[in-house]
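Structure, as structure tokens:
Numbering (this note's numbering), first residue to last: 980 to 1152.
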């Protein structure tokens, strides 16, 4: 595993690694979300969305990165780790973060439709649960939101072109 030391903040360095994972998802036609788990300045788990490819509704970037990190540590508890993810985790992934006892979460951009780390819900910081984690928001926010915005813009344009090619163009002019 690589140890990273530069003038950038560790959060920015590792968020760039999560963005690289998001690019892998984009390359295979998945929603571009990426995640990495870091332990003692080393990446021990990586993941990018593979929901469509694997036909698995749990194949979110965070879950895949958490599984890989647990295998690496040979422990279901990921103490002393930080999870970096490009998009605010959903309820399922937030639950996995709590169950894995991850003490720190860093995400790039909020998710207004499914965010469960402060936007719609606050699962990772809920005092009623037996574990909470520190949450750092908006690290490389523009880059993280930009990859998602461009992906969905390209998807909409592609669907519009497909519709025109099939002769279903309802536009005027």
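Glycine is no exception: its CB is placed at the ideal position from the N, C-alpha and C atoms. Please read these numbers as outputs of a predicted model, since none were measured by experiment.
Below 7 Å CB to CB, which residues in the same chain sit around residue i once its five sequence neighbours on both sides are set aside?
i: residue 986; result: Bear in mind that a pLDDT of 48 at residue 986, under 50, signals an unreliable position, so the model cannot answer this.
i: residue 1072; result: 1039, 1041 and 1042
i: residue 1152; result: Caution is warranted here: a pLDDT of 45 is assigned to residue 1152, below 50, making its placement in the model unreliable, and the coordinate value is therefore given only provisionally. Same-chain partners within the cutoff: there are none.
i: residue 1000; result: 1013, 1014, 1015, 1025, 1026, 1027 and 1040
i: residue 1095; result: 1068, 1069, 1070, 1073 and 1102
Considering residue i, what are the terminal residues of the alpha helix (DSSP H) in which it resides?
i: residue 1042; result: 1040 to 1052
i: residue 1009; result: Residue 1009 -> no alpha helix (DSSP H), and no H or E assigned at all.
i: residue 1114; result: Looking at the DSSP string, residue 1114 is not in any alpha helix (DSSP H); the run it does join, the beta strand (DSSP E), is 1113 to 1115.
i: residue 1075; result: 1070 to 1078
i: residue 1032; result: 1030 to 1033
Excluding the 5 residues preceding and the 5 following residue i in the sequence, name in chain order all residues of the same chain whose CB lies nearer than 6 Å to its CB.
i: residue 1081; result: 1057, 1060, 1062 and 1112
i: residue 1024; result: 1016, 1044, 1047 and 1048
i: residue 990; result: 1085 and 1118
i: residue 984; result: Confidence at residue 984 is low in this model, with a pLDDT of 47, below 50, so the placement of that residue is unreliable and no value is reported for it.
i: residue 1075; result: 1042 and 1045
May I ask which residues mark the beginning and end of the beta strand (DSSP E) holding residue i?
i: residue 1062; result: 1060 to 1066
i: residue 1083; result: 1083 to 1088
i: residue 1170; result: No answer is possible for residue 1170: it lies beyond the span of the chain, which begins at 980 and ends at 1152.
i: residue 1026; result: 1021 to 1027
On the DSSP bridge assignment, give the partners of residue i in chain order.
i: residue 1103; result: Per DSSP, none; premise fails for residue 1103.
i: residue 1096; result: 1101
i: residue 1018; result: 1021 and 1060
From this set, the options, which residue's C-alpha is nearest residue i's C-alpha?
i: residue 948; options: 1068, 1076 and 1011; result: Because residue 948 is not part of the residues shown, which for the chain are 980 to 1152, the question remains open.
i: residue 1052; options: 1037, 1019, 1032 and 1030; result: 1019
i: residue 1107; options: 991, 1010 and 1077; result: 1077
i: residue 1005; options: 1138, 1130 and 1136; result: 1130
i: residue 1054; options: 1037, 1079, 1066 and 1001; result: 1079
i: residue 1002; options: 1138, 1122 and 1074; result: 1122
i: residue 1083; options: 1090, 1110 and 1030; result: 1110
i: residue 1010; options: 988, 1134 and 1075; result: 1134
Assuming residue i contacts residue j under a Cβ cut-off of 8 Å, what Cβ separation, rounded to an integer in Å, is found between them?
i: residue 1008; j: residue 1027; result: Contact doesn't hold; Cβ gap of about 12 Å is too wide.
i: residue 1104; j: residue 1114; result: 6 Å
If we define contact as Cβ-Cβ less than 8 Å, is residue i a contact residue for chain B?
i: residue 1113; result: Structure shown: chain B not included; a single protein chain is present.
Give every residue of the same chain whose Cβ lies closer than 8 Å to the Cβ of residue i, excluding the five residues on either side of it in the sequence, and list them in chain order.
i: residue 998; result: 1013, 1065, 1087, 1119, 1122, 1123 and 1126
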